[in-house]
Amino acid sequence: MRLLSQVNLNSLKIVESAARHRNFTRAGEEQFITASAVSQRVKSLEDQLRFKIFQRGGNAVSLTPEGETYVSRVREALERIVAASMEATGQSQAHVLKISVLPTFAARWLFPRLPSFQQQYPDIEMRVSTSYATHEFAASDFDLEIRYGDGHFPDLKADLLFKEDLTPVCSRKLFHEILGDKPLSKVTPEDLQHFTLLHSDTCTQNWQSWLGFAGASFVLGETKSIYFDSCMMSYEAANAGMGFAVANRAYMASDIRAERLVAPFAVHHPNTAGWYFVSPDTALAARKVVLFKQWVIAEAALTQRQLDIEMSGERQQ
1 MRLLSQVNLN SLKIVESAAR HRNFTRAGEE QFITASAVSQ RVKSLEDQLR FKIFQRGGNA
61 VSLTPEGETY VSRVREALER IVAASMEATG QSQAHVLKIS VLPTFAARWL FPRLPSFQQQ
121 YPDIEMRVST SYATHEFAAS DFDLEIRYGD GHFPDLKADL LFKEDLTPVC SRKLFHEILG
181 DKPLSKVTPE DLQHFTLLHS DTCTQNWQSW LGFAGASFVL GETKSIYFDS CMMSYEAANA
241 GMGFAVANRA YMASDIRAER LVAPFAVHHP NTAGWYFVSP DTALAARKVV LFKQWVIAEA
301 ALTQRQLDIE MSGERQQ
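All letters in the sequence shown, in the order written, are residues 1 to 317 by the UniProt record's numbering.
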């Protein structure tokens with residue numbers, strides 16, 4: 001094994017690019033090298049580290065648990081190098097907003113809304129990192145994070161965006177294939193026995209929690225199951241007609257409104273945990289942080305109002 005002090009900086013940039021794209025070909029295009037060269041650089045670094053960074057599967061790749069942690073740290077280090085270089089040349093970072101967001105929150109809720117923030121504040125340059133890992137603000141250059149939890153984050157300021165509200169969803173096509181023209185108001189949790197349940201390794205207790213709340217825990221032992229490595233993949237599988245996923249309603253609201261998905265159950269399981277805007281006190285005075293905080297809290301409040309109205313309408317049906 002070569003000395004870790006000999007790790008090549010370009011190799012780290014290539015690995016970070018491959019992790020971001022989840023694809024060696026697109027990483028190669030970004031770095032102006034071939035996909036084969038990307039694979040060779042990754043393999044060389046893995047040999048040095050003595051653990052796998054990626055799981056390979058056809059054209060797509062995914063991070064191993066060790067790789068997730070490692071790439072998160074590499075990304076932070078690369079960003080600090082860029083920041084140090086800009087600082088040394090007198091280029092200000094005051095307009096650069098660096099945030100860390102949970103991947104599913106980013107894809108299912110934040111990204112569809114982010115263009116409105118960009119339109120309102122075009123002078124703010126955003127750098128968004130998606131990761132399941134939390135960061136020590138003192139050791140990173142993130143201005144803020146969106147975290148999931150109970151709101152207790154020691155030594156940090158936390159503002160609730162919205163609480164989790166679980167409900168099962170499936171594709172409209174699959175629903176009618178299995179239950180025909182049965183009215184949604186007549187569907188009961190027991191009907192889930194006729195479907196495949198879609199589980200997530202990152203949200204392992206959601207089905208057990210919802211079914212227990214609905215008084216139908218026995219369903220878990222009566223159905224087929226498929227397991228995915230993330231909530232986001234279980235949601236995509238539900239959209240594809242593979243079965244029922246139990247999801248945070250805020251994530252799936254647009255699919256439900258567009259009638260791609262149905263959420264047939266009157267049982268909505270509120271959770272004590274939720275998503276929070278988290279930042280150290282030292283960052284809260286910065287204009288870029290103040291504006292983003294005001295914007296994201298307003299967007300979250302709008303989401304909650306829309307959900308409250310829709311759920312109230314369902315209860316009255």
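Every residue, glycine too, gets a C-beta built ideally from N, C-alpha and C.
Consult DSSP for Arg-113 and reduce its assignment to one of helix, strand or coil.
-> Looking at Arg-113 - three-state DSSP - the assignment turns out to be helix.
Which of the three DSSP states, helix, strand or coil, is assigned to Gln-304?
-> In the structure shown, Gln-304 sits in a helix (DSSP, three-state: H, G or I).
If you scan the region 234-308 from start to end, which runs of the alpha helix (DSSP H) of 4 or more residues do you find wholly inside it?
-> Qualifying alpha helix (DSSP H) stretches, in chain order: 249-257.
DSSP-derived helix/strand/coil call for Gln-55 = DSSP, reduced to helix, strand and coil, places Gln-55 within a strand of the structure shown.
Beta-carbon proximity check, Leu-12 vs Ala-106, cutoff 9 Å = No, they are not a contact pair.
Leu-97 burial status per 10 Å Cβ neighbour count (16 or more: buried) = With 16 or more other CB atoms across the displayed protein chains lying within 10 angstroms of its CB, Leu-97 is buried.
Own chain residues within Cβ distance below 8 Å of Leu-179, not counting five before or after | Take Leu-179, set aside five residues on each side of it, and the residues of its chain with a beta-carbon closer than 8 Å to its own are Val-187, Asp-191 and His-194, in chain order.
Which parts of the UniProt domain "HTH lysR-type" (7-64) are runs of the alpha helix (DSSP H), unbroken and 4 residues or longer, counting only runs that do not cross its ends?
-> DSSP assignment within the UniProt domain "HTH lysR-type" (7-64) yields the following whole alpha helix (DSSP H) runs of 4 residues or more, N-terminal first: 9-21, 24-31 and 35-49.
Is it true that the region 249-257 meets the region 300-309, where meeting means three or more beta-carbon pairs spaced less than 8 Å apart?
-> Counting Cβ pairs under 8 Å, three or more are found: they touch.
Please state if the CB of Lys-173 and the CB of Gly-241 are separated by a distance shorter than 9 Å.
-> Between Gly-241 and Lys-173, the CB-CB gap stays under 9 Å.
Which of helix, strand or coil does DSSP assign to residue 363?
-> Not covered by the structure: residue 363. The range shown for the chain is 1 to 317.
When we look at the beta-carbon of Val-128 and count the other beta-carbons within 10 Å, is it buried (16 or more) or exposed?
-> Taking a 10 Å sphere around the C-beta of Val-128, we find fewer than 16 other C-beta atoms and assign the residue as exposed.
For His-268, which residues of its own chain have a beta-carbon under 8 Å away from its beta-carbon, when the five flanking residues on both sides are left out?
-> Taken in chain order, the residues that qualify are Asp-165, Leu-166, Thr-167, Arg-249 and Met-311.
Nearest residue (CA-CA) to Phe-277, options Ala-263, Ala-301, Val-262 and Val-42 | Of the candidates Ala-263, Ala-301, Val-262 and Val-42, Ala-301 places its Cα closest to the Cα of Phe-277.
Bridge partner(s) assigned by DSSP for Met-126 | The partner list for Met-126 (beta bridge, DSSP) reads Leu-97.
Tell me whether Pro-183 sits in a helix, a strand or coil according to DSSP, three-state version.
-> Secondary structure of Pro-183 (DSSP, three-state): coil.
Pairwise C-alpha distance: Ser-100 and Val-15 | Within the model, the alpha-carbon separation for Val-15 versus Ser-100 is close to 19 Å.
Going straight from the alpha carbon of Glu-136 to that of Ser-217, what length do you get?
-> A straight line joining the alpha-carbon of Glu-136 with that of Ser-217 spans about 39 Å.
Three-state secondary structure (DSSP) at Tyr-227?
-> Three-state DSSP puts Tyr-227 in a strand.
Do the region 15-27 and the region 68-76 touch if we need at least three Cβ pairs shorter than 8 Å?
-> Contact between the region 15-27 and the region 68-76 is present, because at least three Cβ pairs lie under 8 Å.
Bridge partners - Lys-173, DSSP secondary structure assignment = Looking at the DSSP assignment, Lys-173 forms no beta bridge with any residue, so it has no partner.
Exposure of Leu-110, with buried meaning 16 or more beta-carbon neighbours within 10 Å | So Leu-110 counts as buried.
From Phe-292, Ile-146, Trp-207 and Asp-150, residue whose alpha carbon lies closest to that of Val-169 | Measuring from the Cα of Val-169, the nearest candidate turns out to be Trp-207.
If you follow the alpha helix (DSSP H) that Leu-211 is part of, which residue opens it and which one closes it?
-> Per DSSP, Leu-211 belongs to the alpha helix (DSSP H) from 206-214.
Simplified DSSP assignment, three categories, for Asp-159 = For Asp-159, the secondary structure class from DSSP, reduced to helix, strand or coil, is strand.
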